[in-house]
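J.: Residue numbers are given in the working numbering: position 30 of the sequence shown equals residue 26, and the series is strictly consecutive. The structure under discussion is supplied below as structure tokens; questions concerning it will follow.
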Amino acid sequence: MTTWLVRFGLWLASLGGWAPPICDRAHAPTTPMLISARIWTAWAEETFPGTSGEHKRHQVYARLLRIYPDAPRRDVALAIELALQLRSVA
């Protein structure tokens, strides 16, 4: 029922000239950041074998922020998650 109300509201808004905003920002981190994240996650796995995953993630996050200080923190965190997913698939 809620989805129908949302669709009806969007349809009504489109009649009034409203258009959904188009996002012009890429939602994926840059390729060099992904490569760095893959390297540093592998380093953390080898260097801290007995520690928790959160500790390893924090170490990689801190190092990537030093390498890319102007990068949005959201992109750095996403790069780490993507590197971990690629590592588990490979």
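Note that the Cβ used here is the ideal one computed from N, Cα and C, for glycine as well.
1. Report yes if the C-beta distance between residue 37 and residue 79 is below 8 Å; otherwise report no.
2. Starting from residue 4, follow the alpha helix (DSSP H) in both directions and report where the run begins and ends.
3. Evaluate residue 82 with the Cβ neighbour count: other Cβ atoms within 10 Å of its Cβ, from every protein chain shown; 16 or more gives buried, anything less gives exposed.
4. Pair every Cβ in the segment 26 to 43 with every Cβ in the segment 56 to 66, then say whether three or more of these pairs are closer than 8 Å.
5. Keeping to the same chain, check which residues put their C-beta closer than 7 Å to that of residue 58; ignore five residues upstream and five downstream.
6. If the criterion is Cβ atoms closer than 8 Å, does the pair residue 41 and residue 52 meet it?
7. Starting from residue 49 and walking both ways along the alpha helix (DSSP H), at which residues does that stretch end?
8. Apart from the five residues just before and just after residue 55, which ones in its own chain have a Cβ nearer than 6 Å to its Cβ?
9. How many Å lie between residue 10 and residue 85 at the Cα?
T.: Taking the geometry as given:
1. Here residue 37 corresponds to residue number 41 of the sequence shown, with the count starting at 1. Here residue 79 corresponds to residue number 83 of the sequence shown, with the count starting at 1. If you check the CB distance, residue 37 and residue 79 come in under 8 Å.
2. Your numbering for residue 4 matches position 8 in the sequence shown. Taken as a continuous stretch (DSSP letters only), the alpha helix (DSSP H) holding residue 4 covers -2 to 11.
3. Start at 1 with the first residue of the sequence shown, and residue 82 comes out as number 86. By the neighbour-count rule (16 or more Cβ atoms within 10 Å), residue 82 is not buried but exposed.
4. The segment 26 to 43 is in contact with the segment 56 to 66.
5. Here the question's residue 58 lines up with position 62 in the sequence shown. Contacts found: none.
6. As a working note, residue 41 is residue 45 in the sequence shown. As a working note, residue 52 is residue 56 in the sequence shown. Their beta carbons are under 8 Å apart, which means residue 41 touches residue 52 by this criterion.
7. Counting from 1 along the sequence shown, the entry for residue 49 is found at position 53. 49 to 63 is the extent of the alpha helix (DSSP H) around residue 49.
8. Residue mapping note: residue 55 aligns to position 59 of the sequence shown, counting from 1. Hits under 6 Å: 40.
9. As a working note, residue 10 is residue 14 in the sequence shown. As a working note, residue 85 is residue 89 in the sequence shown. When rounded, the distance between both Cα atoms is 43 Å.
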